[in-house]
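In this text, residue positions in the sequence shown follow numbering that gives the first Met the number 0: the first is 0, and each later residue adds one.
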Amino acid sequence: MDRQTEAIMQRFMVAEPDAHDIGVAEALQWCKEAWDSITPAAIQHCWQHAGLFVDRTQIADILNP
């Protein structure tokens, strides 16, 4: 279970009125954690799949300037 789901489940368990109500700071922290969990290889694969880079050297130049 991911951290966000655990946080919502915890709120339900302590009977908070609106367990889905999160603050902006918490939402931004979750976004940062999600972004940090993405590997460079996953980003590279997505960019290749989308056709943003045709040549692997272009990607290597960006990842390792």
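We put the CB at the ideal spot given by N, CA and C, even for glycine.
Just to confirm, is the Cβ distance from residue 47 to residue 62 under 8 angstroms? Reading the sequence shown from its first residue, position 48 is the one you call residue 47. Reading the sequence shown from its first residue, position 63 is the one you call residue 62. Not in contact: residue 47 and residue 62 (Cβ atoms no closer than 8 angstroms).
Coarse secondary structure for residue 61, derived from DSSP in three states: As a first step, residue 61 is located in the sequence shown; it is residue number 62 there, counting from the start. Helix.
Counting along the chain, where does the alpha helix (DSSP H) carrying residue 35 start and finish? Walking along the sequence shown from the start, residue 35 turns up at place 36. That run of the alpha helix (DSSP H) goes 23-35.
Going by DSSP in three states, residue 4 sits in which element: helix, strand or coil? In the sequence shown, the residue the question calls residue 4 occupies position 5. Residue 4 falls in the helix class under three-state DSSP.
Round the Cβ separation of residue 29 and residue 3 to the nearest angstrom and send it over; I've been treating them as touching at under 8 angstroms. Working through the sequence shown from its first residue, we reach residue 29 at position 30. Working through the sequence shown from its first residue, we reach residue 3 at position 4. Going by Cβ atoms, the distance from residue 29 to residue 3 rounds to 5 angstroms, so yes, they are a contact pair.
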